[in-house]
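In this note's numbering, the protein residues as written are 121 to 255. Heads up, the beta-carbon is just placed ideally off N, CA and C, and yes, glycines get one too.
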């Protein structure tokens with residue numbers, strides 16, 4: 121098909137072809153997902169962290185990922201929300217997930233273990249003194 125023949129296509133066919141091409145391009149973008157996540161984080165970022173630092177960082181990253189997921193879910197409820205969620209929060213979310221993955225890899229490589237935090241003792245109010253009146 122020559123260029124001259126393509127220019128003489130009916131407008132409806134040209135629009136259909138353009139929409140199909142655009143759909144194909146958008147499918148490619150949708151398939152990217154989180155496969156590019158290693159590009160968002162420095163591979164040596166956590167190399168010098170000890171287990172205590174990694175534990176703190178992992179907790180902060182988990183909290184941030186949950187926060188971003190909540191913001192994305194909230195944005196998707198509005199008009200055009202899916203687009204807003206992708207534009208506003210997706211890159212940050214992918215970056216945080218990549219950092220989580222890297223921190224987790226360093227956690228395993230360093231053979232770290234979770235710190236077991238003892239539950240704080242319940243606070244028991246002092247017993248009232250004998251003969252004292254309550255108000």
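Rounded to the nearest angstrom, the Cβ distance from residue 212 to residue 181 is 12 Å, too far for a contact under 8 Å.
Going by beta carbons, residue 174 and residue 227 fall inside the 9 Å limit. Note on geometry: alpha-carbon atoms of residue 167 and residue 198 lie some 41 Å from one another. Distances from the alpha-carbon of residue 170 to those of 247, 205, 244, 231 put 231 closest. Within the segment 173-250, the complete alpha helix (DSSP H) segments at least 4 residues long are 201-205, 211-229, listed from N- to C-terminus.
Residue 140 carries a helical assignment under DSSP once its states are collapsed to helix, strand and coil. For residue 164, the three-state secondary structure derived from DSSP is coil.
The C-alpha of residue 184 is placed about 16 Å away from the C-alpha of residue 195. In the displayed model, residue 131 falls within a helix according to three-state DSSP.
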